[in-house]
Structures are given as C-alpha cells and as structure tokens.
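Protein chains in written order, with my numbering: chain A, 30 to 511; chain B, 135 to 390.
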Ligand SMILES: Nc1ncnc2c1ncn2[C@@H]1O[C@H](COP(=O)(O)OP(=O)(O)O)[C@@H](O)[C@H]1O
Ligand SMILES: [Mg+2]
C-alpha cells in the first residue's frame, strides 16, 4: 500500500492479556529426558504396570525417530534435554481432591482467566477440568455427571479408577508410534482429561478442559481421551493460555476420540497460547496430534477450532471414517499475526461406505506471519459412495504475510465425489473505506469484515465460545496490518 | 454548506483534480456530468476522505469545518454520504447488521443512545417498503450476490436510513432500468429538504428528468469547465461531450 498512512496501520497494539504468572510452590523434575524420568512420572502417578510398559515402548521408539521437516514452519532446533518433563503445584501432588481442597491461589488464577471453578460461580451448563502445568487441579460438576453414568475426570484418575477403559482405548486412534511429537507425548504425558459417555446418554452440559501452562522451562504434554458409546452425544470444549516468557515452550498434546454406532462427538477448541512478542521472541511451540475414529455406523465427529495463539502451530485434527454412513467435519479459523507460523489442516480418511466429510478452513494472516492450510482427503477402495466437500479461504492483511494451501487428494474408489474450492483475498482498502464512509471506525470495520469471513466456522461453536472467539479475533489482529 | 476552492488531488504521480471550484448551499441539488475519466468519482471520493488520493492543493469547507482535517468516518458522522459507483461486497456480514452498525456509529458520534435490533428494525421497515427492499435482501450479506441494480438500490436504502445532510450519488443511475431509476429518484426526492443538499454525479441526463437539479456542472480533465442550469444537461445530451473537451484546455477554461 503506497499511501503515507493507510487506514490499516492506525491501529494500536494490545498486549496478550493472559500473560501473568502465578506464584505457587511447585514440584518440578530437573531438566532432561531418559528412561528414569519416564519411570519416575509413572511411579509418581501410581500407574499400573501396563501404563509404564506402554510409556517405555513409546520412549524407546521415540529414540529412533526424527522431528518432521515437512511442515512449512521454521524454528531453531529444540533441545529436548533442556526442558523439564514434569511440574505440578505442590499441594496437589497426592492425587485428586475435592474443590474445597484446591489451593486458593489456583482458584484465583482460573478466576482471573475467566474460568471460575466453584460450581456456584461456574458457567451454567459447562463442566470444567482444569489442567495446570502437568496435572489436573480440579474438575467441576463431576457428581452431577456421575448420576448419568458419564465419567469426566482427569486422565490420571481414569488410569487409577477405570484402567479397563484406558487399556482398551488408549493409543487405538493415535498409536504410540504415530509421529515424533505424539510418541514423545506417549512416553511422558502427565495428565489431561478423560471422558466416557455411556450408551444412549446425551451429555446435559458441555464438557471442557482448560489448559494453563504456568511453570517456566517445562514442556506440557497432556492427553485427552473421549469415548462416546453407542447412541451417545457429547460436546467438548478446550481452551488454553500461558504466561508471556522470552523462551519458547513446547506443548505436545494428543487427543483421541472414539465414536461408536450412532454416537456423536463435537470437539471445539479455542487455542490462545502465548504467541510470542512482535519480533517473534518467546511463545509456545504447539505440536498437537488430534484424531477421531468414527468406528460405528452413522457416527459423527466434528472438529471446530479457532487458532489464534502459539508461536508455531502444527496440528491436523482428523477423522477416520470407518463406520458406514459416518460423518467427519472440520471447521477451522487460523489467525497468524506478527511472526507467528501456522501449518494446520485436517485429514479425512474415508473407509466405510457412504461416508461424508466437510472441510471449511479460514486462514487469516497479518503482520509478517505465515499461514498454511494442509489437508488430506483419502477415499479408500471400499468407500463406495463417499463424498467430501472442502473449502479453503485465505485472507491476507498487509503485504508481508504469507498464505499457502496444500490440498492432497487420494481417491481409490470411482464412485466417490470430491469437491474442492479455494479463494485468497486481501482485506481491501475498498472494504475498509466503504465501512468508514458509513461512519464505522477502522477497528470496528476490520473486526466486522474478519468475523464475516469466519462466519461459517463461528456458527459451529457453542454460543459462549463463539462470543469469546469473536473477541479474541479482534484482539489478535489489533495492530496487525501495515 | 460545502465550499470547494481550487481543489487539486493526485494518485501516485498522476494529477487527477486540477483546481476544482464548487459551492453547494443547503437545499440545492447539483449535478456533475462529464466524460469518463474526467475525475467525477475522484472528486466524490476526495470529499468522502479516501486516502488513496492525495490532496495537493486547495480547500474544502463543510458546515464551517475544514473537511480535509476530518477522518472519513468523521465526515460520515457529520452527515456526508457517498453512494458508491461500485458498491463493495462484505461476505458474511448481513446488510441489517452492517447498517445498524453504521446508524449506531453516527448516533454515538452525536452522543445519542444506540439503537437495539428491535428499534432499528422498526425504523427500517417503512423505508424498506418504499424502496422495494425485501426482507430477504436486507438479511443477505452486504452486496454479495446482488445484481447491479440491487446494489444501487441498496445504496439508496442505506442513504435513506442514515439521513445525510450532504448526499453524493456517484453514477447511481448507470445500469438501472426505468423503474429502478424512478425508485432511486424517489429515494433522493424523499430526502430533499431545505437543510440538505445533494450532488448527483451522472453520465446521462436521464436521471435529471426525475431529480431536477438547480445547477449542472461539467467536469473535464480534472476541472469544472462549464456550469449552468438544467438546460446545460439537455445541451450535453444533444451535442455529446466532444465539444466540451476543448474547453478543458486551461486557457479556455471557464471558471464557475
Ligand atoms: N486509484 C487510482 N489509481 C490510478 N489512477 C486512478 C485511480 N483512480 C482514478 N484514476 C484515474 O483518474 C482519472 C479519473 O478517474 P475517475 O475519477 O474515476 O473518473 P470518472 O468518475 O469521471 O470516470 C482516470 O484517468 C482514472 O484512470
Ligand atoms: Mg466514475
């Protein structure tokens, strides 16, 4: 843009509002990764034998692997021996407690993040599992859910109280050999959320996990497993934030979803890890493996993500459509600003007959960021009548950012129907001037235009989340363009 | 109301406006005509505050204020409305939402209370009916998938809702059939009042049968080369623009 001051650069920047640090006593293992650490974590969590074996297999496999180089992201080599693999608030190291026992400092932290944990103050209709660094510190509305047979607890508790479910499902969607980061997670994961919805039950409330990294110099490796038994329904939300620090921190999570016959899982994420500063110093490296298996007939898994944070985002929430007539959906908004880099998308693997998938991806790049959509649609031989629709739209703000689209397509069944649409647009001086001429200030205009661009995705989010996502988008893009 | 003195403007290295003089009083309707590329849209956009164009000289006074000092949204809130020659599409933002944001921005600017969706709708209904805007059209995304005529009609609807003091219509008539043309004219005439003014930019005199101008100005090569009353529009219709172009040479230019 050639004019001296464009409308687009008048905006002032706003700081990351979740960047504070909680001062709390923690138990943190010394930096470094070896078999002893893996054993120590497992022992710390009083895990049964099968868990330790699984972790060790993963660790040994990891030693044979190399970091993937194909993503369109660039960062200095990560020293895996420099990070600490376990950090937990001291008061909580002896297993789960009731809400009354939770350290007030922690309750205050979540309050400040807008996630009150006391059930009186909690958001109506949302049960929360709060994960602080490596461990779950509280889970709300547990009792109420138990009455319906819904199990919603930290992963550690599930390992102790429902080992048969863990043993049956753990690693069946994302095997411990899957990829470098998932394998590392399998060896050292510390906690996360577990959720089981029994046959025929519709969860009466949204289940959610709120992840918070607090400690410095630690990696966060959490693992979520959700099982929707026959005919059940659940809507799950995930949120996350971290303090502002100059060092990069590694977050390598795994999420596994299993939907049996006629079951439906809706998984929504608003990812707002610390993105680093304007010059790209600090921020979270977010290397996440999320995958859902539609095992049953007529089952459905729907991923909705709004990705605004992290210095680097590398994630491809995917669906394996095994059951006949099963449905996979992926709705994504990925925003990058300043020096952020995102390489995100999905995989839809069609195996069963008449399986259907929809991909709607909206990438918004600003500043000097890089935003890549990478998606695979694979139709296997037996997937008679499979259908996919993909739409990938990119919006550029300014001249220094980049948007890339890599759609991969493998079709092995001739009856399949696959449709792909892609657009790239620039947030126009035209659009901004049009809004300005109608009296709408530039800041409001940008937020209006961007929210309009993302509308198809936002309408998939649960109400409260949609409002939060819209605000977040505004904040992420403030001061973005020049 | 609007006093333009010796206004010149350029884009990149191209001088487009080369000393425009124009005086518009409240209650008046002015028509601006002229060949393609003469600078009509540029003039309209400079008045509205588009910063693609750099003002290189002259002054614009609007209701006693130095207009060139105001941001485009301030000009809008001060009552200047531009009906765009090429209305812009905003995917995913409904017409209704957009317009309410616009109306409320102006109310906020004036220190008035903002309207909620219900109040706004009540106000909009009557104007929708008189301009032939359907419920469906108003709930669709701003100008997305609108025909040329629908876009122009939408501009006039926005104008009706915003009730500007100075409305500038940039070729709102082009591409309209006669019925649509009448609707547009009705919209403008409904707005007419002793404390408002309208500038109609048009290529053809057709629209001026329905919106009767008090003054007609002819723009050529970035200057007002001739001004007159309504008969000037008819004369142009008769003789075409070629005879005007020779007036564009500076030494022959007629100051209005
Ligand atoms: N953004 C721009 N960049 C470069 N040239 C422009 C731009 N806008 C207008 N022009 C040029 O300025 C002249 C006047 O254009 P315009 O004001 O649109 O004329 P009109 O509306 O009378 O047809 C034309 O030669 C046009 O090509
Ligand atoms: Mg024009």
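Even glycine gets a Cβ: it sits at the ideal position worked out from N, Cα and C.
Exposed or buried, what is residue 31 of chain A when buried is set at 16 or more other beta-carbons lying within 10 Å of its beta-carbon?
The pLDDT assigned to residue 31 of chain A is 31, lower than 50, so where the model puts this residue is not dependable; a value taken from the coordinates is nonetheless given after this. Per the 10 Å Cβ criterion, exposed.
What does residue 158 of chain B pair with, by DSSP beta-bridge criteria?
B:136
Neighbour list for residue 226 of chain B in chain A, Cβ cutoff strictly below 8 angstroms:
Chain A residues near residue 226 of chain B: 480, 481, 482, 483, 484 and 485.
Closer than 7 angstroms: is that where the CB of residue 174 of chain B sits relative to any heavy atom of ligand 2?
yes
Using 8 angstroms as the threshold, is the C-beta distance between residue 117 of chain A and residue 55 of chain A below it?
yes
Could you check how far apart the C-beta atoms of residue 356 of chain B and residue 151 of chain B are, in whole angstroms? I think they sit under 8 angstroms.
5 angstroms
So if I threshold CB-CB distances at 7 angstroms, which residues from the stretch 359-372 of chain A count as touching chain B?
Listed by position along the chain: nothing, the set is empty.
Members of the stretch 92-112 of chain A that neighbour chain B once the beta carbon cut-off is set at 8 angstroms
From the stretch 92-112 of chain A, no residue has a Cβ closer than 8 angstroms to chain B.
Give the C-beta separation of residue 289 of chain B and residue 221 of chain B to the nearest angstrom, bearing in mind that I take them to be a contact with Cβ-Cβ under 8 angstroms.
Contact between residue 289 of chain B and residue 221 of chain B holds: their C-beta atoms lie close to 6 angstroms from each other, under 8 angstroms.
Are the beta-carbon atoms belonging to residue 466 of chain A and residue 210 of chain B less than 8 angstroms from one another?
yes
So with CB distances below 7 angstroms, who are the chain A contacts of residue 184 of chain B?
462
If distances are taken between C-alpha atoms only, which option among A:385, A:437 and A:435 comes closest to residue 413 of chain A?
A:385
State the Cα-Cα distance for the pair residue 376 of chain A and residue 68 of chain A, rounded to the nearest angstrom.
34 angstroms
Less than 8 angstroms separating the beta-carbons of residue 262 of chain A and residue 232 of chain A?
Note that the C-beta distance between residue 262 of chain A and residue 232 of chain A is below 8 angstroms.
Between A:463, A:329, A:174 and A:227, which lies nearest to residue 353 of chain A when the distance is taken from Cα to Cα?
A:329
Cβ closer than 7 angstroms: which chain B residues qualify as neighbours of residue 466 of chain A?
182, 206, 210 and 216
Under 8 angstroms between the Cβ atoms of residue 286 of chain A and residue 313 of chain A?
no
Rank B:340, B:337, B:313 and B:364 by C-alpha distance to the C-alpha of residue 348 of chain B and give the top, closest one.
B:364
Is residue 503 of chain A close to chain B, meaning its C-beta is less than 8 angstroms from at least one C-beta of that chain?
no
Out of curiosity, what's the CA-to-CA distance linking residue 170 of chain B and residue 374 of chain A?
47 angstroms
Is there a Cβ of chain B sitting closer than 8 angstroms to that of residue 473 of chain A, yes or no?
yes
Quick one: what's got a C-beta closer than 8 angstroms to residue 142 of chain B's C-beta in the same chain, skipping five residues either side?
149, 151, 152, 153, 154, 189, 190, 191, 192 and 356
C-beta contact flag for residue 472 of chain A and residue 389 of chain A at 8 angstroms
no
Report the residue from A:452, A:332, A:298 and A:469 whose alpha carbon sits nearest the alpha carbon of residue 501 of chain A.
A:298
Residue 469 of chain A touches chain B at which residues, Cβ-Cβ below 7 angstroms?
Here the neighbours are 207, 235, 236 and 239.
Are there 16 or more other CB atoms within 10 angstroms of the CB of residue 407 of chain A, so buried, or fewer, so exposed?
Buried, by the Cβ-count rule.
Cβ-based neighbour list, residue 347 of chain A, same chain, cut-off 6 angstroms, excluding 5 preceding and 5 following:
320, 375 and 376
Residue 218 of chain B in three-state terms, based on DSSP:
coil
Once you ignore the five residues that flank residue 230 of chain A on each side, which residues in its own chain have a CB closer than 7 angstroms to its CB?
177, 178, 179 and 261
Does the distance between the C-beta of residue 334 of chain B and the nearest non-hydrogen atom of ligand 1 fall short of 7 angstroms?
In this structure, the C-beta of residue 334 of chain B stays at least 7 angstroms away from each heavy atom of ligand 1.
Sorted by chain position, which residues of the same chain lie with C-beta nearer than 6 angstroms to residue 184 of chain A's C-beta, five sequence neighbours on each side aside?
The answer, listed in chain order, is 220, 221, 223 and 252.
So, residue 350 of chain A versus residue 378 of chain A, is the Cβ gap smaller than 8 angstroms?
yes
Which chain B residues are close to residue 477 of chain A, counting only those with a beta carbon under 7 angstroms from its beta carbon?
Chain B residues near residue 477 of chain A: 227 and 235.
Could you confirm whether any beta carbon from chain E is found closer than 8 angstroms to the beta carbon of residue 459 of chain A?
In the structure shown, chain E cannot be found, because the protein chains are A and B.
Taking 8 angstroms as the threshold (beta carbon to beta carbon), is residue 132 of chain A in contact with chain B?
no
Any heavy atom of ligand 2 closer than 7 angstroms to the CB of residue 219 of chain B?
Yes, Cβ of residue 219 of chain B sits closer than 7 angstroms to a heavy atom of ligand 2.
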